[in-house]
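Colleague: Mapping to the UniProt record's numbering: the sequence shown position 96 is 96, numbers consecutive.
We treat Cβ as the ideally placed atom computed from N, Cα and C, and that holds for glycine.
Remember, predicted model here, so these are calculated numbers, not experimental data.
Here it is, the structure in full.
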Amino acid sequence: MTKPLIALYQPDIPGNTGSILRLGACLGLGIHIIGPAGFDMTDRALKRAGMDYIEMANLTRHDGWEEFEIWRRAENRRLVLMTTQSATPYTHGGDQTITGQDVVLFGRESAGVPPRVHDAADARLTIPMVEGRRSLNLAMSVAIIAGEINRRFGL
């Protein structure tokens, strides 16, 4: 069974990325990082959060958005953007529900994704929150969606 992949668009915080790589390694999820990252991928904070799991992670790096898009289209994978700008919860996506062929994309901690990336998404989902709250920590958001992926698709 094909499982969705997780992608991070130009992540800013090495500790979050390290935690996400560790999560991916532990749950068997492929993680794609779309550069440039806001830190050196050999950063000590990345290694501290990811520990020795970074070497176990199924990590694919893309130098930029265009390279990622070429790969995604060649793999025939749908792009699902997790965004606070959607009214559709990930739990009730209807025809936007996450499928095994999807790449679930998360934006930068500081700025989300630019309009051209937002427009490229085939579906946009959100994690419901109490009204008036801006957003969750990136690693927490990925963990919520990773839990949903494993609930639906298994380890």
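Entirely within the UniProt domain "tRNA/rRNA methyltransferase SpoU type" (5-146) and at least 4 residues each: give me those alpha helix (DSSP H) ranges in chain order.
Modeller: 14-27, 44-50, 65-74, 115-120
Colleague: Using 8 Å as the Cβ pair cut-off and three pairs as the minimum, do the segment 20-36 and the segment 55-67 touch?
Modeller: yes
Colleague: Taking its Cβ as the centre, do 16 or more other Cβ atoms sit within 10 Å of glutamine 10, making it buried, or is it exposed?
Modeller: As a working note, residue 10 is residue 10 in the sequence shown. Buried.
Colleague: Work out the CA separation of leucine 155 and glycine 35 for me, nearest whole Å.
Modeller: If you number the sequence shown from 1, residue 35 lands on position 35. If you number the sequence shown from 1, residue 155 lands on position 155. Spanning the two alpha carbons is a distance of roughly 27 Å.
Colleague: Taking the alpha carbon of leucine 138 as the point to measure from, which residue in Leu8, Pro4, Thr2, Lys3 has its own alpha carbon closest?
Modeller: In the sequence shown, the residue the question calls residue 138 occupies position 138. Comparing Cα-Cα distances from leucine 138 to each of Leu8, Pro4, Thr2, Lys3, the minimum goes to Leu8.
Colleague: In chain order, what residues of the same chain have a beta carbon less than 8 Å from the beta carbon of threonine 99, not counting five sequence neighbours either side?
Modeller: The residue given as residue 99 occupies position 99 in the sequence shown. Counting only Cβ-Cβ distances below 8 Å, and skipping sequence neighbours, we find Pro4, Arg78.
Colleague: Please state whether the Cβ-Cβ distance between leucine 81 and glycine 107 is less than 9 Å.
Modeller: In the sequence shown, counting from the first residue as 1, residue 81 sits at position 81. In the sequence shown, counting from the first residue as 1, residue 107 sits at position 107. Cβ atoms of leucine 81 and glycine 107: closer than 9 Å.
Colleague: Buried or exposed, going by whether 16 or more other CB atoms sit within 10 Å of the CB of glutamine 96?
Modeller: Looking up residue 96 in the sequence shown gives position 96. Glutamine 96 is buried by the Cβ-count criterion.
Colleague: Rounded to the nearest angstrom, what separates isoleucine 13 and glutamate 109 at their Cα positions?
Modeller: Counting from one through the sequence shown, the residue named residue 13 turns up at place 13. Counting from one through the sequence shown, the residue named residue 109 turns up at place 109. Whole-angstrom Cα-Cα distance: 7 Å.
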